[in-house]
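Enquirer: A single structure is presented below for examination.
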Amino acid sequence: MELTLSFLEKKKFPRSRKNYNSLASLRIHSCQGQMKIQQMAFMILAVFFFFVLVGLFFLGITFRGVGESAQQLQMEQALSSLEVIADMPEFNYYTGAAMTLDEDKLRIMSGDFSEAYEDFWPVASIKVYKVFPKPESFVKCPAVNCNYFEVYDSGQSDVQEYSTYVSVCKRVRESGRTYDRCEASKLVLGVIDVLE
Amino acid sequence: MFWNRGQQEMVGFILIVVLVMIGLMVFLVISLRTSPDEADSLEVTNMLNAIMSHTTECAIPSVPNYETFEDLFKSCYENDDCAGTVGSACDYLNETLRAILEDLMASEAEVDAYQFDFSVADDVGQEGLLRIFEGECTGEVLGAQGRIDAGAEDLIIRLKICRGED
Chain W
13 MELTLSFLEK
23 KKFPRSRKNY
33 NSLASLRIHS
43 CQGQMKIQQM
53 AFMILAVFFF
63 FVLVGLFFLG
73 ITFRGVGESA
83 QQLQMEQALS
93 SLEVIADMPE
103 FNYYTGAAMT
113 LDEDKLRIMS
123 GDFSEAYEDF
133 WPVASIKVYK
143 VFPKPESFVK
153 CPAVNCNYFE
163 VYDSGQSDVQ
173 EYSTYVSVCK
183 RVRESGRTYD
193 RCEASKLVLG
203 VIDVLE
Chain Y
42 MFWNRGQQEM
52 VGFILIVVLV
62 MIGLMVFLVI
72 SLRTSPDEAD
82 SLEVTNMLNA
92 IMSHTTECAI
102 PSVPNYETFE
112 DLFKSCYEND
122 DCAGTVGSAC
132 DYLNETLRAI
142 LEDLMASEAE
152 VDAYQFDFSV
162 ADDVGQEGLL
172 RIFEGECTGE
182 VLGAQGRIDA
192 GAEDLIIRLK
202 ICRGED
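Same order as they appear, the protein sequences are chains W and Y. 208 is the number that our numbering gives the last residue of the first sequence; the numbers go up by one with no jumps. 207 is the number that our numbering gives the last residue of the second sequence; the numbers go up by one with no jumps.
Written as structure tokens, this is what we have:
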């Protein structure tokens, strides 16, 4: 029986020089194929990481701009709020020009009358400074030669201040004639800093 | 037509280089398009408007017809003189504009530099009449422009401020 089997094996797989060569060649080709697959895998990984890095670089640049834009938008929003306050009838000059405050109204609102408006203001503080000509020191109104109006101050701490330029105007009588005298000033609003 | 392995790899390499070049060019185009040199700003517009409506000490033709800066630009363009001992409108404008800009910018901690341009524009182009420039710009540039009607020509007022990097 053993003899028969060994004979059959020999028949099926004859041991010749030619067959040994083809087997060795098959092994070498198999190794080369594996190498090629490995090379391809590494190449795909390298290309993938390269594009990931390029993408990260691009996203970094893009989102840096978004951060700056958000900051600018926040500033513009604050300036719009300043415009809303400046154009309120409690402050606005009779001409109705935008960002133009009435000095007489400011004088009244920064005096004792301001107490009646305490619950009205949607902000923590409202101040107006005359900035030209540059004063040696700011003198609070009402006073002689005053240059600073404190319309409202809630006394809250952690207040973030936003400012913009406005015109403060009043009717002046000189040489028997009246005219509008306007001065470049700064409107400063305080809002509670929610970020802190 | 069978290429050998070296040729195939060269073609692949060139293809990758071309793809990367195209990607970089697209990136550069987008970057350049989204980063303008100068942006219009509401903040600077308000500053310019406050300057324009500021009443000066120059009265034309007589006291108390005091000119605002906006009127003064027009009077300077028409070579008018201020009443009394103030002098010519242009000399007064030059002197007072420098002073107001200096004082306003002094109250802004973030401003590194500023530039104010006064020019006249017609159908042909623009001609500069006055330029005030102070400081050295290293950060973001914000600007605003105003236009004053002066008959056949327009007077262009442009203010640029440079906000330093934080």
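Don't be surprised by glycine CBs; every beta carbon is placed ideally from N, CA and C.
Within the segment 117-189 of chain Y, note down every full alpha helix (DSSP H) run reaching 4 residues or more, in order along the chain.
Expert: 130-147
Enquirer: I'd like the list of long-range same chain contacts for Y:Asn106, defined as Cβ closer than 6 Å, with 5 residues on each side in sequence excluded.
Expert: Counting only residues of its own chain and dropping the five nearest sequence neighbours on each side, Y:Asn106 has a CB closer than 6 Å to the CB of Ala100.
Enquirer: For W:Val66, decide whether its Cβ has a neighbour in chain Y, counting only Cβ atoms nearer than 8 Å.
Expert: yes
Enquirer: Strictly by DSSP, which residues pair up with W:Arg189?
Expert: W:Glu186
Enquirer: For the segment 80-93 of chain Y, list every residue whose C-beta sits within 7 Å of some C-beta in chain W, in sequence order.
Expert: Going along the segment 80-93 of chain Y in chain order, one finds Leu83, Glu84, Asn87, Met88, Asn90, Ala91, Ile92 with a Cβ nearer than 7 Å to chain W.
Enquirer: Within 7 Å: the Cβ of Y:Lys115 and any heavy atom of the ligand GDP?
Expert: In terms of ligand content, the structure shown is empty, and the ligand GDP therefore cannot be addressed.
Enquirer: Whose C-beta lies closer than 7 Å to the C-beta of Y:Ile202 among residues of the same chain, with five residues either side of it excluded?
Expert: Val85, Val152, Tyr155, Leu183
Enquirer: What are the residues in the segment 182-200 of chain W lying within 8 Å of chain Y by C-beta distance?
Expert: Taking 8 Å as the Cβ-Cβ cut-off against chain Y, the residues of the segment 182-200 of chain W that qualify are Val184, Glu186, Ser187, Arg189, Tyr191, Asp192, Arg193, Cys194, Glu195, Ala196, Ser197, Lys198.
Enquirer: Taking all protein chains shown into account, decide if Y:His95 is buried (16 or more other Cβ within 10 angstroms of its Cβ) or exposed.
Expert: buried
Enquirer: State the Cα-Cα distance for the pair W:Gln83 and Y:Ile198, rounded to the nearest angstrom.
Expert: 27 Å
Enquirer: For the segment 101-119 of chain Y, which residues have a CB atom closer than 8 Å to at least one CB atom of chain W, in sequence order?
Expert: Val104, Pro105, Asn106, Tyr107, Thr109
Enquirer: Considering only C-alpha positions, which residue in the set W:Val96, W:Asp116, W:Thr74 is nearest to W:Val135?
Expert: W:Val96
Enquirer: What are the partner residues of Y:Glu194, as DSSP defines its beta bridges?
Expert: Y:Ala191
Enquirer: What in chain Y is Cβ-close to W:Met100, meaning under 9 Å?
Expert: Chain-order list of chain Y residues neighbouring W:Met100: empty, with the shortest C-beta distance near 16 Å, by a criterion of under 9 Å.
Enquirer: For Y:Gly187, go through chain W and note every residue whose CB falls closer than 7 Å to its CB, in chain order.
Expert: Correct list: empty, because the minimum Cβ distance to chain W is about 14 Å.
Enquirer: For W:Glu88, decide whether its Cβ has a neighbour in chain Y, counting only Cβ atoms nearer than 8 Å.
Expert: yes
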